[in-house]
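Q: Note that our numbering has the sequence shown beginning at 6, numbered continuously upward.
The C-beta atom is built at its ideal place from N, Cα and C for all residues, glycine as well.
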Amino acid sequence: MRVMVIVKATTDSEAGQLPSRQLLTDMGKFNEELCAAGIMQDGGGLRPSAQGARVTFSGANRDVRHGPFDHTAELVSGFWIWQVKSLDEAIEWVKRCPNPMPGDSDIEIRPMYEMEDFANL
6 MRVMVIVKAT TDSEAGQLPS RQLLTDMGKF NEELCAAGIM QDGGGLRPSA
56 QGARVTFSGA NRDVRHGPFD HTAELVSGFW IWQVKSLDEA IEWVKRCPNP
106 MPGDSDIEIR PMYEMEDFAN L
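Below, the structure written as structure tokens:
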């Protein structure tokens, strides 16, 4: 199964605070382990929402709003796409991950839909 592993934003990441050199080293080693195990398919860090835009759809209308966006805890600051055997396997890998933020942080794991999920439509 494929999962998206979502690093939730914090006030530090939204302020544009870059990771420490030590965290970059630790995260690089973790990513190497993921690649060596055949788990990691993609991943990356996102710039603060102040540098982004949001398009809201309402029928045929499109409303564009430039960041920054409210509700920091609902924003994303990074992600991975992993190929794992189960949600439990993904959880075990996340538990091994260095804390991606200087303080408290959350990482969310979401299974992705696959083509076979839509076979009966």
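Cα-Cα, which of Pro105, Ser54 and Arg101 is closest to Arg26?
A: By 1-based counting over the sequence shown, the position of residue 26 is 21. Here the closest residue by C-alpha is Pro105.
Q: Is it buried or exposed for Met45, if we count other Cβ within 10 angstroms and need 16 for buried?
A: Locating residue 45 in the sequence shown gives position 40, counting from the first residue. Classification for Met45: buried.
Q: Skipping 5 residues on each side, what residues in its chain have a beta carbon closer than 7 Å to that of Ala78?
A: Reading the sequence shown from its first residue, position 73 is the one you call residue 78. So the qualifying residues of the chain are Lys13.
Q: So, for Arg59: in the same chain, excluding its five sequence neighbours on each side, which residues have a beta-carbon less than 6 Å away from its beta-carbon?
A: Mapped onto the sequence shown, residue 59 falls at position 54. Closer than 6 Å at the Cβ level, and outside the excluded window around Arg59, lie Arg70.
Q: Can you pull the DSSP bridge partners for Gln27?
A: Indexing the sequence shown from 1 puts residue 27 at position 22. Paired residue(s): none; Gln27 is not in a bridge.
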